[in-house]
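Have a look at the structure below before the remarks.
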Amino acid sequence: MTGTTQFGACFAFTPLKIYMRFLSLLLLSIIIQQKGFAQQNSNSILYWNKDKKLSWSDYLATPDGESDAAASTTTQLNVEYEFSKDKFSFHIKSFFIKSSSWGRHKTEYILSHEQGHFDIAEIFARKLHKALREYVFNKKNFQNDLKNIYDGIVAAKTAMQDEYDRETNHSINKEKQNEWLIKIAELLQTFEPWVSY
1 MTGTTQFGAC
11 FAFTPLKIYM
21 RFLSLLLLSI
31 IIQQKGFAQQ
41 NSNSILYWNK
51 DKKLSWSDYL
61 ATPDGESDAA
71 ASTTTQLNVE
81 YEFSKDKFSF
91 HIKSFFIKSS
101 SWGRHKTEYI
111 LSHEQGHFDI
121 AEIFARKLHK
131 ALREYVFNKK
141 NFQNDLKNIY
151 DGIVAAKTAM
161 QDEYDRETNH
171 SINKEKQNEW
181 LIKIAELLQT
191 FEPWVSY
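Sequential numbering from 1 applies to the sequence shown in the numbering used here.
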């Protein structure tokens, strides 16, 4: 079981009310080869929601014939920034990409492992929210500052996704899998104050 994660950042700057938007080409894949950036629309993405767990019907891609993985979960973290008169605002989106995610061995146990990957993505969306809320706007360095914040969150998220798969042996180690699901639930609770991003 692997968790493929793609990250993209959308930045919008508004000095003097001029809006510039662009999608960063920063796409980070972990564990399994990158399948390409999917077109996101209401039918191909699923926003993280504590009341809506993943189901196998959410996995729309065809399994990778060159992979022996049981499933692949693709998530993305997008950030939109705005600046106006030295005021800084942002909007974060954490979502599952249906059209890039697939399942080969569709059991509830494997789905639970894949949900763990989506939940880890949500943890880091909340961590990003916290970091951006704590950021003190610096007009001279804000671009580098924000890139460093984002890159740091991405690196930590990637490390945790890798550690999750390594320690659970992609869910094969049931004892470790259970420990990780408890850890993930605790982290979601810890970062609950930053859920509204």
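Glycine residues also receive a C-beta, built at the ideal position from the N, C-alpha and C atoms. Computed from a predicted model, the values in this text were never measured in an experiment.
Cβ-based neighbour list, residue i, same chain, cut-off 8 Å, excluding 5 preceding and 5 following
i, result
"L60", "S44, K98, S99, S101 and W102"
"D58", "L46, F96, K98 and S101"
"Q39", "For Q39, the predicted model reports a pLDDT of 41, less than 50, meaning its position is unreliable and no value from the coordinates is stated."
"K52", "L46"
"T62", "W102"
Nonlocal neighbours in the same chain, by C-beta distance under 7 Å from residue i, ignoring five residues either side
i, result
"T14", "Bear in mind that a pLDDT of 36 at T14, under 50, signals an unreliable position, so the number given afterwards is only what the model happens to contain. Excluding residues within five positions, the ones whose Cβ falls inside 7 Å are E82, F83 and S84."
"L111", "L54 and W56"
"E179", "none"
"I182", "none"
"L188", "D119, E122 and I123"
"N138", "D145"
In DSSP terms, what residue i is bridged to
i, result
"V79", "I92"
"A61", "DSSP output for A61 lists no bridge partner at all."
"L146", "L146 is not bridged to any residue."
"Y47", "F95"
"G103", "A71"
"K198", "Here the chain covers residues 1 to 197 and nothing more, so residue 198 does not appear."
"S84", "K87"
When the options are compared against residue i, the one with the closest alpha-carbon
i, options, result
"F157", "E66, Q76 and S72", "Phe is not the amino acid found at residue 157; the sequence shown has Lys there. Minimum Cα distance to K157 is reached at Q76."
"R133", "F90, T190, A185 and H113", "F90"
"E199", "H113, F137, D119 and L188", "Residue 199 is absent from the model: the chain starts at 1 and stops at 197."
"A159", "H117, F142, E186 and N138", "H117"
"D86", "S171, K140 and I172", "K140"
"H105", "K52, G152 and D64", "D64"
"V136", "I172, F88 and D119", "F88"
"F96", "G152, Q115 and F191", "Q115"
"T190", "D51, D151 and K127", "K127"
"T107", "I172, A131 and E186", "I172"
"G152", "E186, A131 and N138", "A131"
"Q177", "N138, F142, L187 and Y109", "Y109"
Other residues of its chain near residue i: CB distance less than 6 Å, five sequence neighbours each side excluded
i, result
"A129", "It is His, not Ala, that sits at residue 129 in the sequence shown. Answer for H129: I92, W194 and Y197, listed in chain order."
"S94", "W48, L77, A121, E122 and A125"
"K35", "Reliability of the predicted coordinates at K35 is poor, the pLDDT of 35 falling under 50, and the value obtained from them is presented with this limitation in mind. Here the set comprises S100."
"I184", "G116 and D119"
Contact test: residue i Cβ vs the ligand SAH heavy atom, cutoff 8 Å
i, result
"S55", "Looking at this structure, you won't find the ligand SAH or any other ligand, since it has none at all."
Cβ pair count under 8 Å reaching 3, the stretch 161-169 against the stretch 138-147 = no
query = If you scan the stretch 152-191 from start to end, which runs of the alpha helix (DSSP H) of 4 or more residues do you find wholly inside it?
reply = 174-190
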